[in-house]
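Engineer:
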Amino acid sequence: MPKQQLKTSKTHSGQGLLWLFGAILAIQGFGSAITEAGWNTSFGVAGLLRAAHVPEWGTLLVGCAGTALLAKAARRHYARSRSRRRP
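According to numbering that gives the first Met the number 0, the residues represented by the sequence shown are 0 to 86, in order.
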């Protein structure tokens, strides 16, 4: 018997990765910035960026990059759902 192929396309798995990486970057970036400002301690991305001598606003850039990835994923999802509804 031949093996059955997976029904997911490369774009569908890529879409999931956009959501995943966007969420990770947004949480790490903004969470690190809030923790750094509120409790004067760094974790995750903030700790790595401090070790690399990146300014404090670098964590906000990481959070913004995550937000941009989430926006791109949402736009692709919306476009795909609209194209399925049209005959």
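Even glycine gets a Cβ: it sits at the ideal position worked out from N, Cα and C.
Return the Cβ separation of G28 and V53 in integer angstroms, given the expectation that the two are a contact with Cβ distance under 8 Å.
Structural biologist: Within the sequence shown, residue 28 is the residue found at index 29, counting from 1. Within the sequence shown, residue 53 is the residue found at index 54, counting from 1. Not quite, the Cβ-Cβ distance comes to about 12 Å (not below 8 Å), so this is no contact.
Engineer: Determine, for A22, whether the minimum Cβ-Cβ distance to residues of chain C falls below 9 Å.
Structural biologist: Among the protein chains of the structure shown there is no chain C, as only one such chain exists.
Engineer: Going by beta-carbon coordinates alone, are G57 and L69 separated by less than 9 Å?
Structural biologist: Your numbering for residue 57 matches position 58 in the sequence shown. Your numbering for residue 69 matches position 70 in the sequence shown. No, they are not a contact pair.
Engineer: Between the C-alpha atoms of A36 and T66, what's the straight-line distance to the nearest angstrom?
Structural biologist: For the purposes of this step, residue 36 is identified with residue 37 of the sequence shown, where counting begins at 1. For the purposes of this step, residue 66 is identified with residue 67 of the sequence shown, where counting begins at 1. In a straight line, the C-alpha of A36 is about 20 Å away from that of T66.
Engineer: Ordered along the chain, which non-local residues of its own chain (more than five positions away) have a Cβ less than 8 Å from that of T40?
Structural biologist: Mapped onto the sequence shown, residue 40 falls at position 41. The residues are T34.
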